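Count the sequence shown with our numbering and you get residues 114 to 490, in order.
We treat Cβ as the ideally placed atom computed from N, Cα and C, and that holds for glycine.
All of these numbers come straight from a predicted model, not from anything done at the bench.
Here is the structure we will look at, set down as structure tokens.
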Amino acid sequence: MTTIGAYSPSLLNSASQGYATATQPSLAQVLDEQASDSSPFASTNVTLSDAAKNYLASMQDTAAATGDTAADVTPATLATNARAWFDSQYKSLGISSAMLDGKVAVDLSSQSRATLSAVASNTSGLFTSDESSAATSELQARFNNAMAPRVVVARHTGDYASLYQAASDYLDQASDGEKASTTWKAQKLAVTNGLAAAKASFGKAPNTGDTNDPVAALLNAPSSGITQLGSDATTSQVAANARAMLDDQIGKARDSGSTLVFNSAQSGQHVDFTNFDNRTLATIVLNPDSSFSSDEIYAAKQELNQRTRTSMYNALFPSANSSNNSSSTGALGLMQTYNNMSAEEKTVLGVSDTVTNRVLASYKTQQSVQNTLASYL
Numbered sequence: 114m115t116t117i118g119a120y121s122p123s124l125l126n127s128a129s130q131g132y133a134t135a136t137q138p139s140l141a142q143v144l145d146e147q148a149s150d151s152s153p154f155a156s157t158n159v160t161l162s163d164a165a166k167n168y169l170a171s172m173q174d175t176a177a178a179t180g181d182t183a184a185d186v187t188p189a190t191l192a193t194n195a196r197a198w199f200d201s202q203y204k205s206l207g208i209s210s211a212m213l214d215g216k217v218a219v220d221l222s223s224q225s226r227a228t229l230s231a232v233a234s235n236t237s238g239l240f241t242s243d244e245s246s247a248a249t250s251e252l253q254a255r256f257n258n259a260m261a262p263r264v265v266v267a268r269h270t271g272d273y274a275s276l277y278q279a280a281s282d283y284l285d286q287a288s289d290g291e292k293a294s295t296t297w298k299a300q301k302l303a304v305t306n307g308l309a310a311a312k313a314s315f316g317k318a319p320n321t322g323d324t325n326d327p328v329a330a331l332l333n334a335p336s337s338g339i340t341q342l343g344s345d346a347t348t349s350q351v352a353a354n355a356r357a358m359l360d361d362q363i364g365k366a367r368d369s370g371s372t373l374v375f376n377s378a379q380s381g382q383h384v385d386f387t388n389f390d391n392r393t394l395a396t397i398v399l400n401p402d403s404s405f406s407s408d409e410i411y412a413a414k415q416e417l418n419q420r421t422r423t424s425m426y427n428a429l430f431p432s433a434n435s436s437n438n439s440s441s442t443g444a445l446g447l448m449q450t451y452n453n454m455s456a457e458e459k460t461v462l463g464v465s466d467t468v469t470n471r472v473l474a475s476y477k478t479q480q481s482v483q484n485t486l487a488s489y490l
């Protein structure tokens with residue numbers, strides 16, 4: 114929800130103490146008054162057209178109608194307004210649920226935190242489980258965005274107490290309706306306990322073991338840069354995703370008070386390449402955007418080499434008990450292995466057209482010999 118003059122209420126309240134309360138002017142009136150102010154001490158103003166003034170005034174009227182601008186609006190009123198908003202969204206979007214395929218399908222960015230809390234808590238029983246889930250997801254996303262810079266600092270300094278203090282302050286900014294909810298009370302207790310634990314153990318994130326801890330949920334969530342890439346992804350996209358995947362492990366290692374290491378001889382939390390496919394490993398080795406360290410490149414190359422040796426062995430010797438276990442069968446398997454490699458893998462492993470042509474020629478020769486011998490049997 115866009116707010117014009119976010120600091121005006123506090124300034125007006127401060128200035129009006131001891132004076133009679135005046136009628137609140139409309140936004141259009143304020144703009145007109147500012148436009149007519151010719152005082153040399155007046156602030157610099159931007160001239161708006163009448164259409165722009167009317168649009169901004171209508172926005173203020175709409176916000177007032179939803180009830181989100183008044184501090185004394187009850188959760189029940191917010192819930193009623195939100196119910197009408199959801200119904201309007203479904204009609205305009207041609208859908209019937211706030212969640213589709215497990216993802217939020219409506220834009221909740223215009224809804225206030227107080228409204229989202231009312232929906233997440235299913236105030237007055239007006240909302241479906243999907244609507245409550247969507248609101249909960251939006252609330253967590255806003256919390257994550259607010260805390261993201263604090264997470265970066267905590268992981269680099271080891272000061273997780275300041276992160277939890279910031280989370281506590283964020284929760285304290287909630288409306289009275291949100292503070293009365295079961296969710297808020299559970300989160301506040303979890304953050305309070307987390308803050309105490311973080312103060313007692315500097316250098317790592319506290320393990321509160323509380324599922325209501327929003328800070329722990331944020332720290333344990335996958336990095337926002339990690340995505341599921343398709344086969345049409347560019348090398349640059351693969352590199353960016355690989356960087357995000359490694360950074361995610363680096364961050365979680367710091368959360369546990371450790372360091373991510375790439376050599377078995379080093380002490381710390383060892384890198385886990387389980388979720389890295391061969392193309393991603395090869396891209397790290399190629400280091401197209403120079404974003405990977407020498408240790409990361411070395412570790413990725415070792416993992417890729419090990420996987421390649423295993424796949425080639427299995428291609429050449431598919432099964433010790435297989436009746437089709439022959440040199441020609443092995444050559445065919447090797448060809449299939451080469452054909453399944455990405456361009457990045459072939460570059461790193463030195464698999465060129467010359468190599469594949471030699472394997473193909475060997476396969477054809479072996480097949481010819483076997484066919485000739487079979488004709489004499």
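Which of helix, strand or coil DSSP assigns to residue i
i: glutamine 286; result: coil
i: arginine 255; result: helix
i: leucine 331; result: helix
i: alanine 155; result: Unreliable positioning characterises alanine 155 in this predicted model, as indicated by a pLDDT of 48, which lies under 50. A coordinate reading is not provided.
i: leucine 342; result: coil
i: glutamine 202; result: helix
i: leucine 239; result: coil
i: valine 186; result: coil
i: threonine 530; result: Residue 530 is absent from the model: the chain starts at 114 and stops at 490.
i: valine 264; result: helix
i: arginine 471; result: helix
i: aspartate 390; result: coil
i: lysine 292; result: helix
i: valine 464; result: coil
i: alanine 176; result: With a pLDDT of 45 at alanine 176, under the threshold of 50, the modelled position of this residue cannot be trusted, and the question is left open.
i: glycine 368; result: One detail in the question is off: residue 368 reads as aspartate in this sequence, not glycine. Three-state result, aspartate 368: helix.
i: valine 398; result: helix
i: glutamine 278; result: helix
i: glutamine 224; result: coil
i: serine 403; result: coil
i: threonine 324; result: coil
i: aspartate 272; result: coil
i: alanine 310; result: helix
i: leucine 125; result: Any reading at leucine 125 needs caution, since the residue's pLDDT is 35, under 50, leaving its predicted position unreliable; the model's value is listed next. Reduced to three states, the DSSP call for leucine 125 is helix.
i: methionine 448; result: helix
i: asparagine 453; result: coil
i: lysine 298; result: helix
Anticipated Cβ contact below 8 Å, residue i with residue j, distance rounded
i: valine 328; j: glycine 307; result: 6 Å
i: glycine 446; j: leucine 429; result: 7 Å
i: alanine 233; j: alanine 195; result: Incorrect: roughly 10 Å between the Cβ atoms, too far for contact.
i: aspartate 368; j: leucine 332; result: 5 Å
i: alanine 189; j: threonine 236; result: 6 Å
i: aspartate 408; j: phenylalanine 375; result: 4 Å
i: leucine 284; j: lysine 301; result: 5 Å
i: leucine 500; j: alanine 192; result: A question about residue 500 goes unanswered here, because the residues of the chain that appear run from 114 up to 490.
i: arginine 357; j: glycine 338; result: According to the sequence displayed, residue 357 carries alanine and not arginine. Between glycine 338 and alanine 357 the Cβ distance is about 3 Å, and since that is below 8 Å, they are a contact.
In DSSP terms, what residue i is bridged to
i: methionine 212; result: Val217
i: glutamine 382; result: Leu373
Closest residue to residue i among the options (Cα-Cα distance)
i: threonine 423; options: Thr450, Ala412 and Ala395; result: Thr450
i: alanine 261; options: Ala412, Gly364 and Gln382; result: Gly364
i: methionine 212; options: Thr347, Ala248 and Thr270; result: Ala248
i: alanine 394; options: Asn258, Gln419 and Gln202; result: The sequence given here places leucine at residue 394; alanine does not occur at that position. The candidate whose alpha carbon is nearest that of leucine 394 is Gln419.
i: aspartate 326; options: Leu417, Ala303 and Arg471; result: Ala303
i: aspartate 402; options: Thr347, Met448, Tyr426 and Asn452; result: Thr347
i: alanine 313; options: Gly271, Gln362 and Phe389; result: Gly271
i: glycine 370; options: Thr321, Phe389 and Phe315; result: Phe315
i: asparagine 258; options: Leu239, Ala274, Tyr273 and Ala279; result: Ala279
i: glutamate 416; options: Asn391, Ser404 and Leu399; result: Asn391
i: threonine 340; options: Trp297, Leu359 and Thr324; result: Leu359
i: leucine 373; options: Ala412, Val398, Thr467 and Asp345; result: Ala412
i: alanine 456; options: Arg471, Val398 and Glu409; result: Val398
i: valine 266; options: Val217, Ala318, Leu221 and Thr228; result: Ala318
i: glutamine 202; options: Leu239, Asn453, Asp220 and Asp214; result: Asp220
i: glutamine 253; options: Thr387, His269 and Ser222; result: Ser222
i: glutamate 251; options: Ala218, Lys298 and Asp361; result: Ala218
i: aspartate 471; options: Met448, Ala334, Glu458 and Ser210; result: First, the residue type needs correcting, since residue 471 is arginine and not aspartate in the sequence shown. Arginine 471 has its Cα closest to that of Met448, out of Met448, Ala334, Glu458 and Ser210.
i: histidine 383; options: Gln362, Ser349 and Asn452; result: Gln362
i: asparagine 388; options: Asn427, Pro335 and Ser380; result: Pro335
i: threonine 460; options: Tyr426, Pro431, Met425 and Asn400; result: Asn400
i: asparagine 320; options: Asn453, Thr396, Thr296 and Ala274; result: Ala274
i: phenylalanine 256; options: Ser404, Asp214, Trp297 and Arg268; result: Trp297
i: threonine 187; options: Ser210, Arg268, Asp214 and Ala227; result: Ala227
Distance cut-off 7 Å: residue i Cβ against heavy atoms of the ligand NAP
i: glutamate 458; result: Ligands are entirely absent from the displayed structure, and the ligand NAP is therefore not among its contents.
Residue-level contact to chain B via CB, residue i, 8 Å cutoff
i: proline 335; result: The displayed structure is made up of one protein chain only, and chain B is not part of it.
Contact between the region 297-315 and the region 191-206: three or more CB pairs below 8 Å? Not touching, per the Cβ criterion.
Taking three-plus beta-carbon pairs below 8 Å as touching, is the region 347-359 in contact with the region 275-292? Result no; under three Cβ-Cβ pairs closer than 8 Å.
Quick check: the region 235-246 against the region 187-201, are there 3 or more CB pairs under 8 Å? Contact holds: three or more Cβ-Cβ distances are below 8 Å.
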